[in-house]
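In the working numbering, the protein residues as written are 6 to 89.
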């Protein structure tokens with residue numbers, strides 16, 4: 006990543022956040038993941054995707070997006086991580 010320009014680093018960071026955001030916990034996978042399944046509407050998913058692309062969530066660490074539901078869950082996880 007060091008050889009990338011600052012703009013490219015930002016694009017990669019947002020892409021990784023989208024990848025993690027789309028790892029939403031499915032109810033059918035609870036047994037395998039240990040994460041409680043969550044229902045996330047299509048509108049919530051699209052809103053989250055757009056917020057990430059627009060850079061509105063650049064301040065939130067990538068790890069806060071993994072296996073969360075909607076953006077409210079991401080914000081809660083980010084707050085928990087900030088307390089550590």
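Built from N, CA and C at the ideal position, the CB exists for glycine as well.
Handout entry: Sequence-distant residues of the same chain with beta carbon closer than 6 Å to residue 42, five excluded per side
Key = Correct list, in chain order: 30, 31, 32, 35.
Handout entry: residue 43 in three-state terms, based on DSSP
Key = coil
Exercise for the section: Return the first residue and the last residue of the alpha helix (DSSP H) that residue 85 is part of. Expected result: 76-88
Handout entry: Start and end residues, alpha helix (DSSP H) containing residue 15
Key = 11-26
Problem - Any 3 or more C-beta pairs closer than 8 Å across the segment 48-62 and the segment 70-79 - result: yes
Handout entry: Cβ shell of residue 26 (< 6 Å), same chain only, five flanking positions each side left out
Key = 53, 70
Practice task
Could you pull the start and end residues of the alpha helix (DSSP H) that residue 36 belongs to?
Solution key: 35-38
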